[in-house]
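Sequence order for the protein chains is X and Z.
For the first sequence, my numbering gives the first residue as 17, with consecutive numbering after it.
For the second sequence, my numbering gives the first residue as 17, with consecutive numbering after it.
Report on the structure given below.
Number of protein chains: 2
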Amino acid sequence: MPADQPNPAVAFAKHDHSDCAHRILDRAEKLSEARGVRLTPVRRRTLEILLESHRAMGAYEVLERLAQDGFGHQPPVAYRALDFLVEHGLAHRIRRLNAFAACMAPGQTHNPVFFICRACQSVAESSTPELRDRIDAAADAIGFEVERANVEALGLCPACADREE
Amino acid sequence: MPADQPNPAVAFAKHDHSDCAHRILDRAEKLSEARGVRLTPVRRRTLEILLESHRAMGAYEVLERLAQDGFGHQPPVAYRALDFLVEHGLAHRIRRLNAFAACMAPGQTHNPVFFICRACQSVAESSTPELRDRIDAAADAIGFEVERANVEALGLCPACADREE
DNA sequence: TCATGTATGTTATATCGTAACAAGTCAAGG
DNA sequence: CCTTGACTTGTTACGATATAACATACATGA
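Okay, here's the thing in C-alpha cells:
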C-alpha cells in the first residue's frame with residue numbers, strides 16, 4: 017500500500033504512531049493554507065490531541081486538555097475548534113459516541129465508514145465509494161436527495177475480540 | 017408491491033396514515049406477545065405518538081405528550097419506553113437528530129438506512145441487505161466484527177426539494 | 001398468599017451543546 | 001502609520017439531552 021494512501025487497518029494495528037500523527041498534521045497545515053483558512057494554535061492543538069490516540073474523544077475531554085495547555089476553560093473553546101476541524105474535513109464527529117476523532121485521510125474526498133470498537137472506543141475509518149453508490153441508489157428509488165451520509169458500525173476491534181474470547 | 021412489505025417511500029408519499037399506523041400497532045402487539053414481553057400502556061402510547069407522524073421526535077417532545085395523557089412527567093418515563101421500543105425493533109434512534117422514529121417494518125430483520133429530510137425532519141426507512149454486505153466486507157478487511165451498523169443519510173425529501181427550487 | 005421479577009414514577013444530577021457578548025488579533029487600504 | 005472590518009478567542013449564562021438511584025405498585029407463578 018502506498019504511503020500516502022489511507023490504511024483503514026491502521027487504527028487497529030501496531031504502527032509508528034508519532035509518525036502517523038505528524039504526517040497528518042503536516043497535511044492539515046498544507047490543506048489549511050491551500051484553502052485560505054487558518055490552522056490557529058487552538059485548532060492545531062485540538063487536532064494534535066485527537067491524533068494522540070485513534071480513539072474518539074468527547075468535547076469536554078478535549079477541553080480539559082486544552083485548558084491544561086493554557087487555552088480557554090469554557091465549552092465553546094473546544095466546540096469551536098472541533099467544529100472547524102470537522103467543517104474542513106480534518107476530523108469527524110462520531111454521533112453514536114457524542115465524540116470526535118481525527119480524520120485519517122484529510123483532503124481526500126471520501127465517504128467514510130466508521131468502525132467503532134465498543135470495548136476500547138478506538139475508531140477506524142474506511143473509505144468506500146461503492147457504499148455511497150448503494151445509498152444513492154436507494155435514495156433515488158424514493159426521490160430523496162442525499163447531501164451527506166454517515167455510516168457507523170459498532171462492534172469489536174481485532175484486539176478486543178481476542179480479549180473477549 | 018405486496019401490502020405487508022415495507023415501502024420505503026411511504027414516509028414521503030401521500031397515504032392513508034391512520035391505516036398505516038394501525039397496521040404497525042397490530043404487528044407490535046403480536047410481536048410483543050410472541051416474544052413474551054409486555055407492550056404496556058405507556059409503551060403502546062409512546063409507539064402511537066411516534067406513529068402519528070413520520071417524523072423523528074425528541075424524547076422530551078414524546079414526554080410532553082405522555083404527560084398530557086396522564087403518564088409520568090419525568091424524563092425516565094419517556095426514555096424507558098423509547099428504549100424498550102428500540103430494543104425490540106419497534107422504533108429506531110436517529111442519532112443525528114437526537115431523536116426517535118417508529119419502525120416501519122417491525123419484526124423483519126433489516127439493516128435500515130434512514131433518509132432524513134433536513135427541512136421537515138421526516139424520516140424514511142429503507143432496508144438494503146446489500147449495503148450491510150458491503151459494510152461487512154470492509155470490516156472483514158481490517159479484522160473488525162460488526163455487531164450493529166447504522167446508516168443515516170441527510171438531505172431533502174421530494175416535497176421539500178420541490179419547495180427549495 | 002406471598003415471593004419474585006418487572007414496571008412505573010420520583011428526585012436529583014450528569015453530560016452534551018449553544019446563544020450572546022466582550023476583547024484581542026491580523027491583514028488590507030487609506 | 002493607522003484605521004477599519006473580518007475573524008478568532010475568551011467569557012457568562014443557559015438550554016437540551018440523558019441517566020443514576022431509589023420508592024412504590026403490579027403482575028405472575030410457586
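Ideal placement from N, C-alpha and C gives every residue a C-beta, glycine not left out.
- With contacts defined by Cβ atoms closer than 8 Å, I132 (chain Z) and L170 (chain Z) form a contacting pair.
- Beta-bridge partners assigned by DSSP to E80 (chain Z): none are found.
- The C-alpha of L55 (chain X) is placed about 45 Å away from the C-alpha of A97 (chain Z).
- Burial state of R51 (chain Z) is exposed, judged by a 10 Å Cβ sphere holding fewer than 16 other Cβ atoms.
- In the structure shown, S143 (chain X) falls within a strand segment according to DSSP collapsed to helix, strand and coil.
- Contact between the region 82-92 of chain X and the region 150-162 of chain X is absent: fewer than three C-beta pairs spanning the two stretches fall below 8 Å.
- Residues of chain Z with a Cβ closer than 8 Å to the Cβ of A50 (chain X) do not exist; the shortest Cβ-Cβ separation is about 27 Å.
- H108 (chain X) is a Cβ neighbour of F116 (chain X), given a cutoff of 8 Å.
- Under the three-state reduction of DSSP output, A165 (chain Z) falls in the strand class.
- In the DSSP annotation of this structure, H108 (chain Z) is not part of any alpha helix (DSSP H); the continuous beta strand (DSSP E) holding it starts and ends at A107 to I110.
- Contact note: T144 (chain X) reaches chain Z through R150 and A154, using a C-beta cutoff of 7 Å and chain order.
- Straight-line spacing of the CA atoms in R60 (chain Z) and E68 (chain X) works out to 47 Å.
- When C-alpha distances from F87 (chain Z) are compared across Z:H104, Z:G74, Z:V58 and Z:I158, the shortest belongs to Z:V58.
- Within the region 29-97 of chain X, the runs of alpha helix (DSSP H) at least 4 residues long that lie entirely inside it are, in chain order, 33-51, 57-67 and 75-84.
- Counting the other CB atoms within 10 Å of its CB gives E180 (chain X) a total below 16, which places it among the exposed residues.
- Residue pairing by DSSP places L113 (chain X) opposite no residue, since no beta bridge is assigned to it.
- Residue state for F160 (chain Z) is assigned as coil, using DSSP reduced to three classes.
- Residue X:M120 holds the alpha-carbon nearest to the alpha-carbon of A140 (chain X) among X:M120, X:L147 and X:Y76.
- For the pair L147 (chain Z) and V162 (chain Z), the CB atoms are not nearer than the 8 Å cut-off.
- Following the DSSP letters along the chain, one finds C133 (chain Z) inside the beta strand (DSSP E) bounded by residues P128 to C133.
- In this structure, the straight-line span from the alpha carbon of R112 (chain Z) to that of T62 (chain Z) is close to 21 Å.
- In chain order, R111 and R112 make up the part of chain X whose C-beta sits under 7 Å from the C-beta of R111 (chain Z).
- The beta carbons of A118 (chain X) and I40 (chain X) sit closer together than 8 Å.
- Against chain Z, a Cβ distance below 7 Å from C36 (chain X) picks out nothing, because the smallest value is about 15 Å.
- For N166 (chain Z), the nearest beta carbon of chain X is closer than 8 Å to its own beta carbon.
- Only exposed fits R164 (chain Z), as fewer than 16 other CB atoms lie within 10 angstroms of its CB.
- Note on geometry: alpha-carbon atoms of G105 (chain Z) and A175 (chain X) lie some 30 Å from one another.
- For E103 (chain X), the closest C-alpha among the options X:V129, X:A37, X:V53 and X:F130 is that of X:V53.
- The secondary-structure analysis by DSSP pairs L170 (chain Z) across a beta bridge with X:R164 and Z:I132.
- Within the model, the alpha-carbon separation for H38 (chain Z) versus S48 (chain Z) is close to 15 Å.
- Close to P174 (chain X), with beta-carbon spacing below 8 Å, are these residues of chain Z in chain order: I158, G159 and F160.
- Sorting X:E45, X:K46, X:A44 and X:H70 by C-alpha distance to the C-alpha of D32 (chain X) places X:H70 at the top.
- Annotated three-state conformation of A118 (chain X) is strand, per DSSP.
- With its beta carbon less than 8 Å from one in chain Z, F131 (chain X) belongs to the interface.
- Within a 10 Å sphere around the beta-carbon of S142 (chain Z) sit 16 or more other beta-carbons, which makes this residue buried.
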